[in-house]
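To start, the structure itself, in structure tokens.
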Amino acid sequence: MGLLNVMGPAMVGPSSSHTLGALRIARFAHKLSEGIPENVEFVLHGSFSKTYKGHGTDRALLAGIMGLKQDDPKIKEAYKIADKTGIKYRFVFEDLGDVHPNTVRIKTYKSGITHEIEGASIGGGAIKITFIDSVACELSWDYDTLIIVNKDAPGILEKILEKINVNVANLYLRRINALLERALTIIELDEPIKDLSHIKKLPYIYECYFIRRDI
Amino acid sequence: MNTWKELIEFWKSSEMPFHEVILTAEMLETGDDPEIIKKELLNLLSIMMEEAEKQFGKKQETLTNLTGNNAYKLANTSPTYFGRFNYIATTTALSISESNAAMGKIVACPTAGASGIIPGIFYALKKEFKEKTEKLLPAFIVSGGVGNIIAKKATISGAAGGCQAEIGTATAMAAAGLVYYVSRDGVKAGHAASLALKSLMGLVCDPVGGFVEVPCVKRNGNAVNVAISSAEMALANIESKIPLDEVVDAMRIVGKSLPESLRETGEGGIAATPTARRLIESIRHFSN
Numbered sequence: 001m002g003l004l005n006v007m008g009p010a011m012v013g014p015s016s017s018h019t020l021g022a023l024r025i026a027r028f029a030h031k032l033s034e035g036i037p038e039n040v041e042f043v044l045h046g047s048f049s050k051t052y053k054g055h056g057t058d059r060a061l062l063a064g065i066m067g068l069k070q071d072d073p074k075i076k077e078a079y080k081i082a083d084k085t086g087i088k089y090r091f092v093f094e095d096l097g098d099v100h101p102n103t104v105r106i107k108t109y110k111s112g113i114t115h116e117i118e119g120a121s122i123g124g125g126a127i128k129i130t131f132i133d134s135v136a137c138e139l140s141w142d143y144d145t146l147i148i149v150n151k152d153a154p155g156i157l158e159k160i161l162e163k164i165n166v167n168v169a170n171l172y173l174r175r176i177n178a179l180l181e182r183a184l185t186i187i188e189l190d191e192p193i194k195d196l197s198h199i200k201k202l203p204y205i206y207e208c209y210f211i212r213r214d215i
Numbered sequence: 001m002n003t004w005k006e007l008i009e010f011w012k013s014s015e016m017p018f019h020e021v022i023l024t025a026e027m028l029e030t031g032d033d034p035e036i037i038k039k040e041l042l043n044l045l046s047i048m049m050e051e052a053e054k055q056f057g058k059k060q061e062t063l064t065n066l067t068g069n070n071a072y073k074l075a076n077t078s079p080t081y082f083g084r085f086n087y088i089a090t091t092t093a094l095s096i097s098e099s100n101a102a103m104g105k106i107v108a109c110p111t112a113g114a115s116g117i118i119p120g121i122f123y124a125l126k127k128e129f130k131e132k133t134e135k136l137l138p139a140f141i142v143s144g145g146v147g148n149i150i151a152k153k154a155t156i157s158g159a160a161g162g163c164q165a166e167i168g169t170a171t172a173m174a175a176a177g178l179v180y181y182v183s184r185d186g187v188k189a190g191h192a193a194s195l196a197l198k199s200l201m202g203l204v205c206d207p208v209g210g211f212v213e214v215p216c217v218k219r220n221g222n223a224v225n226v227a228i229s230s231a232e233m234a235l236a237n238i239e240s241k242i243p244l245d246e247v248v249d250a251m252r253i254v255g256k257s258l259p260e261s262l263r264e265t266g267e268g269g270i271a272a273t274p275t276a277r278r279l280i281e282s283i284r285h286f287s288n
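Heads up: the sequence lines are chains A and B, in that order.
Residue numbers are given in full-length UniProt numbering: position 179 of the first sequence equals residue 179, and the series is strictly consecutive.
Residue numbers are given in full-length UniProt numbering: position 114 of the second sequence equals residue 114, and the series is strictly consecutive.
Next comes the structure, spelled out in structure tokens:
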């Protein structure tokens, strides 16, 4: 945990798992969609679906998807800000199966691109991103994270790794569309990548997102 | 260093003040520069003091409205029994806890549910001793040292260990800080922490409806006084017969043996009383 984790962080109440954790998952989705999406759907599961209003989980999620930081007092006004921003949002409730009780699935739509992530708030503000665009993973967001949609072909991963000059902590790769020959690669890194352009320039890289460590 | 005993031994064998020992131990484990940790901790403490100033005695509109005007009531009544220090500390603890329930900015020290206690104590120090925030930092670091040992050896999560792990930990941390502020004595600070944690041993986590309002807010208000009396006793050289490490181990075992209904599920304790059930019915629109 460490001293600073015990003594903090600064956040908006009332609950580290229901507001802080929820906000962080939504903020991850915000970064993945590269800004405030035009459209967002929050699918709430378990305890999240039962007590989302009394814990402010709804406002935390909305604040996160709009990119607000965890200690921003404006989180309380998330509905108002959302209406001003014009973002279309929807909360739905669903049993997502055998997952953590504080789980949310977030679907975003922006400039023709859709993303879907699933994450759980596992206590004390810690989170676990469990799916990104249908690829199962286990991201704590303790690392800088690189997310790439690439051609599902031999040698591509090698080319990507060649361009990354920092140490790889964890790596996930999965075919997402056999017909279109597309795979999704998620790479957790020990240090940030300074320049993405040489990765983006590689042939057969369709999408590339870099999500910096947040706390 | 995972035990209080090791920290104390390190302190006795070194020339450093105890709070520097805590920072050095942290550096040895995480590699973090003590100066950076100090700066971050001062930042957290400053946020606490600002919020305490801002929220002191204010009415709050909390998420479920089960609480919200307790700090206001206390701040607007002249105390019958309290000394000034307890009065400020208790009012601050209620103020911050209610602000937390109203989605205000807080420092989760050590958790959001127990976020009123440390600000209560440190704001009272600031006010009563007319102290600059920086001067409170050594005591704040010692509070952190206690919290860190509890987090490592046991837990600071109500869902895992009951309220003793949240309010109990915060109170032990606050008591140690209070003692260190005046004495700079690590051993006495440890005794104060033990006395506080023993007094709250077994405290269950039973929020009405699962929300961080009842009984959490008033527990924060009461707990600062346990911290103050524990510190007062330790400063009078009263020792805990059981050392802090063993008290923390006992707390962990008690936490494990608590049934799930008493660990933040909102299904037992105060949350299961007839009145609580009626209250939950009245705030049903906050649930799905």
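Yeah, the Cβ is synthetic: ideal placement off N, Cα and C, and Gly gets one too.
Euclidean distance between Cα positions of Ala192 (chain B) and Ala172 (chain B) = Rounded to whole angstroms, the gap between the alpha carbons of Ala192 (chain B) and Ala172 (chain B) is 7 Å.
request  = Could you tell me which uninterrupted beta strand (DSSP E) segments, each at least 3 residues in length, are contained entirely in the region 115-198 of chain A, listed from first to last along the chain?
outcome  = Counting whole runs of 3 or more residues, the region 115-198 of chain A contains the beta strand (DSSP E) stretches 126-132, 135-139, 144-151, 168-177 and 182-189.
message = Using C-beta distances below 6 Å, list every residue in its chain close to Asn167 (chain A), excluding the 5 sequence neighbours before and after it, in chain order.
response = Once the five neighbours on either side are set aside, the close Cβ partners of Asn167 (chain A) are Asp190.
inquiry  = DSSP has Ala10 (chain A) in a bridge; who is on the other side?
reply    = B:Val107.
request  = Could you say which of B:Gly168, B:Asn222 and B:Ala176 lies nearest to Gly255 (chain B) if we only look at CA atoms?
outcome  = Closest in alpha carbon position to Gly255 (chain B), among B:Gly168, B:Asn222 and B:Ala176, is B:Gly168.
query = Which stretch, first to last residue, makes up the beta strand (DSSP E) that contains Val40 (chain A)?
reply = Membership of Val40 (chain A) in the beta strand (DSSP E) is indicated by the continuous run Asn39 to Leu44.
query = Going by DSSP, which residues form a beta bridge with Lys69 (chain A)?
reply = BP columns for Lys69 (chain A) are empty, so no partner.
ask   = On the three-pair Cβ rule with 8 Å, is the region 116-135 of chain A touching the region 178-186 of chain A?
value = With contact defined as three or more Cβ pairs closer than 8 Å, the region 116-135 of chain A and the region 178-186 of chain A are in contact.
request  = Over the uninterrupted beta strand (DSSP E) stretch that includes Cys208 (chain A), give me the two end residues.
outcome  = Following the DSSP letters along the chain, one finds Cys208 (chain A) inside the beta strand (DSSP E) bounded by residues Ile205 to Ile211.
request  = Find out if the Cβ-Cβ distance for the pair residue 318 (chain B), Ile149 (chain B) is shorter than 8 Å.
outcome  = No answer is possible for residue 318 (chain B): it lies beyond the span of chain B, which begins at 1 and ends at 288.
query = Of the residues that make up the region 10-42 of chain A, which ones have a beta carbon closer than 9 Å to any beta carbon in chain B?
reply = Listed by position along the chain: Ala10, Met11, Val12, Gly13, Pro14, Ser15, Ser16, Ser17, His18, Thr19 and Leu20.
message = Check for me: the alpha helix (DSSP H) holding Lys153 (chain B) runs from which residue to which?
response = Run containing Lys153 (chain B): Leu137 to Lys153, per the alpha helix (DSSP H) assignment.
query = Using a beta-carbon distance below 8 Å, is Cys163 (chain B) in contact with chain A?
reply = At a cut-off of 8 Å, the C-beta of Cys163 (chain B) has no neighbouring C-beta in chain A.
ask   = Opposite Lys110 (chain A) in the DSSP bridges: which residues?
value = Per DSSP, A:Ile113.
request  = Would you mind reading off the limits of the alpha helix (DSSP H) that contains Phe129 (chain B)?
outcome  = That residue, Phe129 (chain B), is in no alpha helix (DSSP H); it is neither H nor E in DSSP.
ask   = With 16 other CB atoms within 10 Å as the buried threshold, where does Thr275 (chain B) fall?
value = Under the 10 Å beta carbon count, Thr275 (chain B) is surrounded by fewer than 16 other beta carbons and is classified as exposed.
inquiry  = Alpha carbons only, please: which of B:Phe18, B:Gly57 and B:Leu66 is nearest the one belonging to Arg278 (chain B)?
reply    = Of the listed residues, the one whose Cα sits closest to Arg278 (chain B) is B:Leu66.
task = Give the range of the beta strand (DSSP E) segment to which Lys88 (chain A) is assigned.
result = In the DSSP assignment, Lys88 (chain A) falls within the unbroken beta strand (DSSP E) covering Lys88 to Phe93.
request  = Go ahead and label Phe129 (chain B) buried or exposed: buried means 16 or more other beta carbons lie within 10 angstroms of its beta carbon, across all protein chains shown.
outcome  = Flag for Phe129 (chain B) reads exposed.
request  = Measure the C-alpha to C-alpha separation of Thr30 (chain B) and Met1 (chain B) and round it to an integer number of angstroms.
outcome  = So the two alpha carbons sit approximately 11 Å from each other.
ask   = Going along the region 183-203 of chain A in order, which residues come within less than 7 Å of chain B, judged by CB to CB distance?
value = Against chain B - using a Cβ distance shorter than 7 Å - the region 183-203 of chain A contributes no residues.
Element boundaries [alpha helix (DSSP H), containing Thr171 (chain B)] = Where Thr171 (chain B) is concerned, the enclosing alpha helix (DSSP H) starts and stops at Ile167 to Ser183.
ask   = In the structure shown, what three-state DSSP assignment does Val104 (chain A) receive?
value = If DSSP states are grouped into helix, strand and coil, Val104 (chain A) belongs with the strands.
request  = Tell me Cys205 (chain B)'s beta-bridge partners as DSSP assigns them.
outcome  = Partner(s): B:Arg263.
message = When you compare the CB of Val224 (chain B) with every CB in chain A, is at least one pair closer than 8 Å?
response = Chain A, which has no Cβ nearer than 8 Å to the Cβ of Val224 (chain B), makes this no.
inquiry  = For Ile122 (chain A) and Ile36 (chain A), I'd like the C-alpha separation in whole angstroms.
reply    = Taking the straight line joining both Cα atoms gives about 25 Å.
query = Where does Ser78 (chain B) fall in DSSP's three states?
reply = DSSP places Ser78 (chain B) in coil when its eight states are reduced to three.
task = Kindly list, in the order they appear in chain B, the residues whose Cβ is closer than 7 Å to that of Lys76 (chain A).
result = Result: Met103.
request  = Could you spell out the range, first to last residue, of the alpha helix (DSSP H) harbouring Cys216 (chain B)?
outcome  = Segment Cys216 to Leu235, the alpha helix (DSSP H) holding Cys216 (chain B).
query = Around the C-beta of Glu260 (chain B), are 16 or more other C-beta atoms found within 10 angstroms, so that it is buried, or is it exposed?
reply = Answer is exposed; the Cβ neighbour count stays below 16.
key: Contact list for Glu40 (chain B) against chain A, beta-carbon separation under 8 Å   = Those within 8 Å of Glu40 (chain B) in chain A are Leu4 and Gly8.
request  = Examine chain A for any beta-carbon lying closer than 8 Å to the beta-carbon of Thr30 (chain B), and answer yes or no.
outcome  = Yes, its Cβ sits closer than 8 Å to a Cβ of chain A.
message = To the nearest angstrom, how far is the alpha carbon of residue 230 (chain A) from that of Ala29 (chain A)?
response = Not covered by the structure: residue 230 (chain A). The range shown for chain A is 1 to 215.
inquiry  = Once DSSP output is grouped into helix, strand and coil, what is the label at residue 357 (chain B)?
reply    = The question about residue 357 (chain B) has no answer here: the residues shown for chain B are numbered 1 through 288.
key: Stretch pair the region 83-94 of chain B + the region 123-139 of chain B: three plus CB contacts closer than 8 Å   = Touching, yes.
query = If you check the beta carbons only, do residue 295 (chain B) and Pro73 (chain A) fall under 8 Å apart?
reply = The structure shown has nothing for residue 295 (chain B), since chain B only spans 1 to 288.
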